Ligand SMILES: [Fe+2]
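Residue numbers (the working numbering): -4 to 608.
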């Protein structure tokens, strides 16, 4: 009966309620979360804007569209902002439903080579029991999946990750746990003090390896999902065959006995990397775990263990090293043919405010005065070297490769000037400078937030020299990606999402355009889905020649439309962004603005109905 509903087209399919007990493939039943099969309503096509230029050209003239209904600006200082506060906030409206349906609202023809599955993850809910979350990053993980079938058919499915905390909070219908970005139990600091257990929202990324699927968050263990149903498996986080330690916090006292008594554990990064091998048997999954090793006088070191897996999940080796005076794990890392590269941003932590229950841990972070450290770790287990570079804050690394004696890494983040501005704001406001612009549960506000830009670091581990140059700084940008076949090799093109080009130099904004950047010529091609739309990370899917021709393939990117309150997936031609999307796949509902994901060549959708149009 369910199969009939799933294949229903043109008419309204029946809703499926998890609470009613009719779950599919053993997905846990959670009161309050609804599962639905939906059909799309009337589709609206956004006005679009394409742009070709270079990194250094002035901003394109503003496309003035009467907006109405809301102030188009956050504040007087942000007078050139080109988005509506209400639209950006609506991109983070809770999605209470889970979906399972064939999409029929598709513009364009899906390329023949696109026959796998796109997985995305991001926060799906922003309140619990009437209590609004303090920050969008505290939202519970909501995994979406697009499966590309024959005959221009696409199947969509979405599920919340049933973490231990999510299940308990759904049942209680209230916030039971402290959260990293400031959401706490009601009752003030007394209700939260000395509780070091944080909710694992499993909301940051999702990756597939050897037909195993995991939802991940960087300060906890991964959750194993069924890639076909998206159901959460086992009801507890996964230790990756004992590689990770399940505990209340990713910390250590340096005593195994004490760690066990205190139930301290470890965490896995939310940014593992996959190295595409030739032949495929040479492919590697490279991931790492971390523990904060507590030291006297409020200091801490960070113990990091990098693990490499073969295609069949065989563990091929581990490399361990320590970052001195480090409270916080790097968000991302880079892998070259012979090295792992970690950038240690200098951060301080107000432990007392966290212990006393006054703030979440991320609210207790502030930028430190010291240079950024660069850790170069040989993949064969050799001695790791620590270099220094001017104080910066790097977030994501698009690619890294070796060039003679040097390692080149491409990264998004704040450079020294931007960091100095943020430090001054911290001094004036007394708040962490990292969290402001994404606190969009209440209202997005980019006032005073400097650009994150694309940087090139050239690292010579023999001489200790680290050279830093700007690659792209015309727009606020992030989530840079390259063709995965070329990861760890020299590349020419990088793809990312970015804000509109501002009239106020350096003033950031939310991501509203997709960009293709040619690092050799400086050519910039960008495409905007419209002034009320917001763009997520682009994911490269290689075409038939994509293993040898770098820009043979497509980019998949989610778009949220504030006017229709719906989301769509666009398929961009990797060789040309100026012509707009090859395909637009319209959902009948919204998906909250998400974070990261990946594409698998494997098709995990249901069988295609040959009678479908
Ligand atoms: Fe990330």
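A virtual CB, placed ideally from N, CA and C, is assigned to each residue, including glycine. If you're wondering where the values come from, they're calculated on a predicted model, not measured in any experiment.
Alpha-carbon spacing of residue i relative to residue j, whole angstroms
i	j	result
residue 327	residue 449	15 Å
residue 364	residue 386	8 Å
residue 182	residue 200	32 Å
residue 344	residue 297	14 Å
residue 513	residue 493	15 Å
residue 370	residue 342	16 Å
residue 192	residue 117	21 Å
residue 372	residue 403	14 Å
residue 573	residue 354	46 Å
residue 174	residue 311	35 Å
residue 408	residue 299	22 Å
residue 628	residue 469	Coverage of the chain is limited to positions -4 through 608, which leaves residue 628 absent and any answer about it impossible.
residue 4	residue 335	Residue placement at residue 4 is poorly supported in this model, since its pLDDT is 34, which falls under 50; the coordinates still yield a value, given next. Cα to Cα, residue 4 sits roughly 49 Å from residue 335.
residue 222	residue 95	14 Å
residue 138	residue 228	14 Å
residue 636	residue 578	The structure shown has nothing for residue 636, since the chain only spans -4 to 608.
residue 128	residue 84	13 Å
residue 381	residue 398	19 Å
residue 285	residue 604	46 Å
residue 152	residue 235	25 Å
residue 338	residue 389	7 Å
residue 544	residue 272	16 Å
residue 6	residue 99	Annotation note: pLDDT 29 at residue 6 (below 50); position unreliable, coordinate value reported separately. Distance between the alpha carbons of residue 6 and residue 99: 11 Å.
residue 146	residue 401	48 Å
residue 496	residue 471	8 Å
residue 507	residue 597	30 Å
residue 595	residue 123	33 Å
residue 451	residue 462	8 Å
Per DSSP, the bridge partner or partners of residue i
i	result
residue 312	303
residue 339	368
residue 395	404
residue 296	288
residue 513	488
residue 568	549, 571
residue 467	449
residue 127	122
residue 503	According to DSSP, residue 503 bridges with nothing at all.
Cβ-heavy atom distance, residue i to ligand 1, below 7 Å
i	result
residue 199	yes
residue 95	no
residue 265	yes
residue 391	yes
residue 327	yes
residue 590	yes
Reduced DSSP secondary structure (H/G/I, E/B, other) of residue i
i	result
residue 277	helix
residue 25	The predicted position of residue 25 is uncertain, since its pLDDT is 49 and thus under 50; a value taken from the coordinates is nonetheless stated next. Three-state result, residue 25: coil.
residue 66	Residue placement at residue 66 is flagged as unreliable, the pLDDT there being 41, under the threshold of 50; the coordinate-derived value follows with that caveat. Reduced to three states, the DSSP call for residue 66 is coil.
residue 89	coil
residue 424	helix
residue 556	strand
residue 419	helix
residue 114	strand
residue 109	coil
residue 172	coil
residue 263	strand
residue 149	strand
residue 472	strand
residue 593	strand
residue 603	coil
residue 84	helix
residue 188	coil
residue 579	strand
residue 268	strand
residue 334	strand
Any chain B beta carbon closer than 8 Å to residue i
i	result
residue 538	Within the model displayed, chain B is absent; a lone protein chain is all it includes.
Handout entry: Start-end ranges of the alpha helix (DSSP H) lying completely within the region 190 to 257, minimum 4 residues
Key = Counting whole runs of 4 or more residues, the region 190 to 257 contains the alpha helix (DSSP H) stretches 251 to 257.
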